Amino acid sequence: GEDVEQSLFLSVREGDSSVINCTYTDSSSTYLYWYKQEPGAGLQLLTYIFSNMDMKQDQRLTVLLNKKDKHLSLRIADTQTGDSAIYFCAEKYSGAGSYQLTFGKGTKLSVIP
Amino acid sequence: SQTIHQWPATLVQPVGSPLSLECTVEGTSNPNLYWYRQAAGRGLQLLFYSVGIGQISSEVPQNLSASRPQDRQFILSSKKLLLSDSGFYLCAWSYREEGEQFFGPGTRLTVL
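In order, the protein sequence lines correspond to chains C and A. Going by this note's numbering, the first sequence opens with residue 9, and the numbers climb by one from there. Going by this note's numbering, the second sequence opens with residue 27, and the numbers climb by one from there.
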């Protein structure tokens, strides 16, 4: 079945770039997503990329997609303390009668001042 | 604009007691609705999803159930809570033909 893998922890210094990596298994995925979860809160959609794209940039966020290797990454430039959160990668697949998302376990990003 | 609400925000319940968590969506019609559980240190586990009133699909067999009495209302229930039901419960909605999901603020459930 569908599976999404992420490393669990990442620690960076304030002002550096953060790169969060994700691998997925469903080669037919059409969309891949990055969500952010701050402590005690729900998930907030950060960005997404369509499978026919290699890269998408949105202000400090850059998403890279290597479809051949089924590898997705999220780069946060000039990381700030407010970026400390758990980041989830998700892939869209077609379930019985609806679209579903499969989520990774999340990468906890800690930003050191 | 669309908003999603969950109630209550936190809940502490004894083992064996019943449970009812509510999720409501505003500003859209005919959404797909989802219940997820996030246990400590783990990712999101899809529990139930619904494509319409009275239509519930269960992803994981357990002592929880879900109901959708109205188009924009999704309820998660249990007759008797277990310790293992503790966790952070998230409701989400999506447009019918889209995969992108929008999440509510969550309910923190502690079963003692």
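Ideal Cβ positions, reconstructed from N, Cα and C, are used throughout, including at glycine. Small disclaimer: the values here were computed from a predicted structure and weren't measured.
Next item on the list: May I ask you to verify whether the stretch 39 to 54 of chain A touches the stretch 121 to 136 of chain A, counting CB pairs closer than 8 Å and requiring at least 3?
Entry: yes
Check: In terms of alpha-carbon separation, which member of A/P44, A/A65, A/E85, A/N56 lies closest to A/W119?
Finding: A/N56
Notebook entry, point to check: Taking any Cβ of chain C, which residues in the stretch 74 to 99 of chain A have a Cβ under 8 Å from it, in chain order?
Noted result: Y75, V77, S83
Item checked: Alpha-carbon spacing of A/G125 relative to A/T54, whole angstroms -> 15 Å
Check: What does A/L45 touch in chain C if you count any residue whose Cβ is under 8 Å from its own?
Finding: Under the 8 Å cutoff, chain C gives no residues; its nearest Cβ is about 19 Å from A/L45.
Next item on the list: Compare the C-alpha of C/A49 against each of C/I94, C/K100, C/T110, C/V119 and name the closest.
Entry: C/I94
Note to self: For the stretch 95 to 115 of chain A against the stretch 29 to 47 of chain A, do three or more pairs of beta-carbon atoms, one drawn from each stretch, fall closer than 8 Å, so that the two count as touching?
What the structure shows: yes
Next item on the list: Given a cut-off of 8 Å, decide if A/S84 and A/L139 are closer than it, judged by their beta-carbon atoms.
Entry: Here chain A has residues from 27 to 138 only, and residue 139 of chain A is not among them.
Next item on the list: Check whether the Cβ of A/Q127 lies closer than 8 Å to any Cβ atom in chain C.
Entry: yes
Next item on the list: For A/E124, go through chain C and note every residue whose CB falls closer than 8 Å to its CB, in chain order.
Entry: Y107
Next item on the list: Can you say whether C/D24 is buried or exposed, counting buried as having 16 or more other CB atoms within 10 angstroms of its CB?
Entry: exposed
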